[in-house]
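Just so you know, the sequence shown maps onto residues 1 to 320 in the UniProt record's numbering.
Even for Gly, the Cβ is constructed at its ideal location relative to N, Cα and C.
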Amino acid sequence: MMPILFLLFLSVCAMIYVYRFRGCARFTTVHEYLRKGWPIFAPLNVFLYVTSHRRARAPFTSVDDYPELKLLQDNWQIIAAEASQLMASGQFIQTTAQENASYYDVGFRTFYKYGWSKFYCTWYGETLHSAKALCPNTVALLKSIPSVNGAMFTLLPPNAQLTRHLDPVACSLRYHLGLDTPNDPDCFISVDGKRAFWRNGHAFMFDETYLHYVKNDTRQYRLILMCDIDRPVNILGRPVNWLYKKFVRLLLVPNLPGDQSGPFNRLFARLMPTLSRAKKLKRTNPRLYYPLKWLVNFSLLGTLLLVLALIFRLIIAVVN
1 MMPILFLLFL SVCAMIYVYR FRGCARFTTV HEYLRKGWPI FAPLNVFLYV
51 TSHRRARAPF TSVDDYPELK LLQDNWQIIA AEASQLMASG QFIQTTAQEN
101 ASYYDVGFRT FYKYGWSKFY CTWYGETLHS AKALCPNTVA LLKSIPSVNG
151 AMFTLLPPNA QLTRHLDPVA CSLRYHLGLD TPNDPDCFIS VDGKRAFWRN
201 GHAFMFDETY LHYVKNDTRQ YRLILMCDID RPVNILGRPV NWLYKKFVRL
251 LLVPNLPGDQ SGPFNRLFAR LMPTLSRAKK LKRTNPRLYY PLKWLVNFSL
301 LGTLLLVLAL IFRLIIAVVN
């Protein structure tokens with residue numbers, strides 16, 4: 001019982017730290033944090049923040065600290081040519097069509113309403129069949145860099161935005177390489193209150209678990225290569241990072257029929273009718289909807305705490 005209570009205490013402290021003290025940008029309300037901040041992942045994320053190498057502890061990190069990534073910048077025109085061909089052939093837009101399995105993306109589907117679209121290349125140990133066929137040079141470059149956990153091309157239309165959010169798990173850092181961009185400060189990302197804008201052939205990196213948002217206040221599309229780069233952690237953080245990466249791999253989403261897919265993609269597709277009914281319930285009977293929503297959320301939190309407690313007990317058993 002004591003390990004569970006101690007773990008619960010540490011988990012609450014981690015959630016408070018992320019909500020109240022981490023970074024300069026803050027959630028405006030507790031409700032926003034609960035809705036967008038993924039507090040269920042805060043305990044393990046904070047552990048990774050503590051065990052991260054110094055170069056990975058700021059909202060933005062220098063690409064120069066990751067010399068293996070220079071290969072991508074050196075070959076950006078080859079990558080851009082393949083990405084542009086995907087765009088011209090309509091591969092991006094078809095991934096957002098609800099009749100396709102690619103639509104059911106647990107991690108990124110909420111961006112579709114802003115016109116954002118993507119095409120996966122690799123994802124945490126898997127290389128998608130469609131990527132091998134349609135962008136082989138990019139895939140070969142990515143696979144030659146062990147620190148690249150996953151990669152995709154992403155497309156943001158003119159006069160579009162991605163509202164303030166953060167990514168749930170801290171096993172990676174985010175790398176952006178400009179391929180065909182406005183080259184304009186009016187097309188920018190703000191991470192923890194600090195801005196950067198995309199330029200063709202230039203890259204930057206940031207910690208996507210800080211609050212960030214994107215705006216493209218230009219008349220041109222923004223096409224980039226987006227990669228998840230392995231978070232550098234010490235020996236204590238490696239088991240948690242390994243566990244997280246195994247979890248994220250389950251989120252694999254296909255681009256085209258015949259591609260590999262993860263269990264969450266298939267589950268999400270099956271649950272979509274239920275989720276649609278839940279949205280309808282939210283509009284028609286909010287008094288019933290919100291208690292049910294919190295019941296589900298607290299059940300998930302309880303499950304996570306139980307798993308953490310089991311891990312904690314296992315560590316104690318090994319140490320003793």
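Going by alpha carbons, who is nearest to THR51 out of VAL63, TYR19, HIS212 and VAL233? VAL233
Where does TYR49 fall in DSSP's three states? helix
Quick one: measure Cβ to Cβ for VAL170 and VAL63, integer angstroms, because I've assumed they're closer than 8 Å. Reading off the sequence, residue 170 comes out as Ala, not Val. About 19 Å separates the two Cβ atoms, so there is no contact after all.
Hey, how far is the Cα of CYS187 from the Cα of CYS227? 19 Å
Applying the criterion that 16 or more other CB atoms from any shown protein chain within 10 Å of the CB defines a buried residue, is CYS135 buried or exposed? buried
Just verifying my parser: in three-state terms, what is the DSSP assignment at GLY302? helix
Would the beta-carbon of LEU155 fall within 7 Å of that of PHE197? no
Distance, Cα to Cα, LEU211 vs ARG26? 8 Å
When DSSP labels each residue in this structure, what does PHE268 get in the three-state scheme? helix
Smallest Cα separation from ARG219: which of THR274, PRO185, LEU173 and ARG231? PRO185
Looking only at its chain, what residues have a beta carbon closer than 7 Å to the beta carbon of LEU252, apart from the 5 residues adjacent to it on each side? TRP123, GLU126, GLN260, SER261, GLY262 and ASN265
May I ask which residues mark the beginning and end of the alpha helix (DSSP H) holding GLU74? In the sequence as displayed, the identity of residue 74 is Asp instead of Glu. That run of the alpha helix (DSSP H) goes 70 to 74.
For ILE189, which of TYR213, LEU173, GLY258 and VAL296 has the nearest alpha-carbon? TYR213
Note down the Cα distance separating SER89 from THR96, rounded to an integer number of angstroms. 14 Å
On a CA-only basis, which of LEU271, ASN149 and LYS215 is nearest ARG195? Give me that one, please. LYS215
Since ASN241 is in the beta strand (DSSP E), which residue starts that stretch and which ends it? Unbroken run through ASN241 is the alpha helix (DSSP H), 238 to 249; no beta strand (DSSP E).
Cutoff 7 Å; reference TYR114; Cβ partners in own chain excluding five residues on either side: ALA160, GLN161 and LEU162
Any chance the stretch 67 to 77 sits against the stretch 243 to 257, with 3 or more Cβ pairs inside 8 Å? no
Among LEU225, SER147 and PRO291, which residue has its Cα nearest to the Cα of ALA83? LEU225
Could you pull the DSSP bridge partners for GLU82 from this structure? In DSSP, GLU82 forms no bridge with anything.
Burial state of VAL296, where buried means 16 or more other Cβ atoms lie within 10 Å: exposed
Can you tell me the Cα-Cα spacing of HIS53 and VAL191, whole angstroms? 20 Å
How is VAL148 classed by DSSP in three states: helix, strand or coil? strand
Buried or exposed for PHE298, going by 16 or more other Cβ atoms inside 10 Å? exposed
Are three or more beta carbon pairs between the stretch 4 to 21 and the stretch 139 to 149 nearer than 8 Å? no
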